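Here the structure comes first, spelled out in structure tokens, and everything after it is commentary.
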Amino acid sequence: MSQNSVSANNKKPSPNLSESAQVDQQSVQPFTRSQKVYVQGSRPDIRVPMR
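If you're matching positions, the sequence shown starts at 1 in the numbering used here and goes up one per residue.
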């Protein structure tokens, strides 16, 4: 079989996930009464945000 032949398993490429993805609007809303805090670890110049 030559390198130019098309395999029967080749399918049309699906669209990019970023083009077809959808996000539930409730999942991006802020949590009720939540606050963002910054936790400092062993290095004073790095703080990690958390809720």
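By construction, the Cβ of each residue, glycine as well, lies at the ideal position given by its N, Cα and C atoms. The structure presented is a predicted model; accordingly, all values stated were derived computationally and were not measured.
Beyond the five residues adjoining it in sequence on each side, Tyr-38 comes within less than 6 Å, by CB distance, of Arg-47 and Pro-49 in the same chain, given in chain order.
CA-CA distance, Arg-33 to Asp-24, rounds to 20 Å. Apart from sequence neighbours up to five positions away, the residues of its chain that approach Lys-36 with a beta-carbon distance below 8 Å are Pro-49, Met-50 and Arg-51, ordered along the chain.
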